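Numbering (the working numbering), first residue to last: 42 to 173.
Heads up: the structure comes next, in structure tokens.
Structure, rendered in structure tokens:
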């Protein structure tokens with residue numbers, strides 16, 4: 042089982058340990074901002090930016106353990122981790138991931154409040170679209 046969506050609240054729930062992708066069914070605006078509320082950092086949740094249809098190719102932006110990360114994935118394999126920073130969020134504490142894309146700059150913000158957000162940015166002109 043992968044992701045399930047509550048049709049009333051819109052909340053997503055994931056079960057299992059596989060890397061899986063849930064796709065938003067609308068095209069992103071020109072300068073998008075994506076926000077996800079998460080229950081614990083142990084979920085290692087990331088938001089896919091510039092993804093292929095199946096999510097195997099993308100910039101994965103979010104949390105990996107104690108780090109805020111921007112990773113580049115190609116056909117389901119991690120190519121590189123472009124940038125990391127410690128987020129300082131206690132285990133089993135709710136937090137928010139916010140990702141913005143402004144032209145060539147991808148920025149990830151992670152924190153329990155606006156005041157506690159930690160951010161990392163990566164500049165990329167890789168706008169390729171992949172099928173498969």
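Virtual Cβ for every residue (Gly too), placed ideally from N, Cα, C.
Bear in mind that the values here come from a model prediction, so they are computed numbers and not experimental data.
Is residue j closer than 7 Å to residue i when the C-beta atoms are compared?
{"i": "residue 96", "j": "residue 138", "result": "no"}
{"i": "residue 112", "j": "residue 126", "result": "no"}
{"i": "residue 140", "j": "residue 75", "result": "yes"}
{"i": "residue 82", "j": "residue 109", "result": "no"}
{"i": "residue 86", "j": "residue 147", "result": "no"}
Rounded to a whole number of angstroms, what is the C-alpha to C-alpha distance between residue i and residue j?
{"i": "residue 164", "j": "residue 158", "result": "20 Å"}
{"i": "residue 178", "j": "residue 88", "result": "There is no way to answer for residue 178, as the model of the chain reaches only from 42 to 173."}
{"i": "residue 115", "j": "residue 162", "result": "19 Å"}
{"i": "residue 78", "j": "residue 135", "result": "7 Å"}
{"i": "residue 106", "j": "residue 49", "result": "30 Å"}
{"i": "residue 143", "j": "residue 166", "result": "11 Å"}
Output the boundary residues of the beta strand (DSSP E) element that contains residue i.
{"i": "residue 143", "result": "136-143"}
{"i": "residue 116", "result": "No beta strand (DSSP E) holds residue 116; DSSP gives it neither H nor E."}
{"i": "residue 74", "result": "74-79"}
{"i": "residue 107", "result": "Note, residue 107: premise wrong, no beta strand (DSSP E); not H, not E."}
{"i": "residue 98", "result": "Per DSSP, residue 98 belongs to no beta strand (DSSP E) and is neither H nor E."}
By DSSP, does residue i sit in helix, in strand, or in coil?
{"i": "residue 84", "result": "helix"}
{"i": "residue 132", "result": "coil"}
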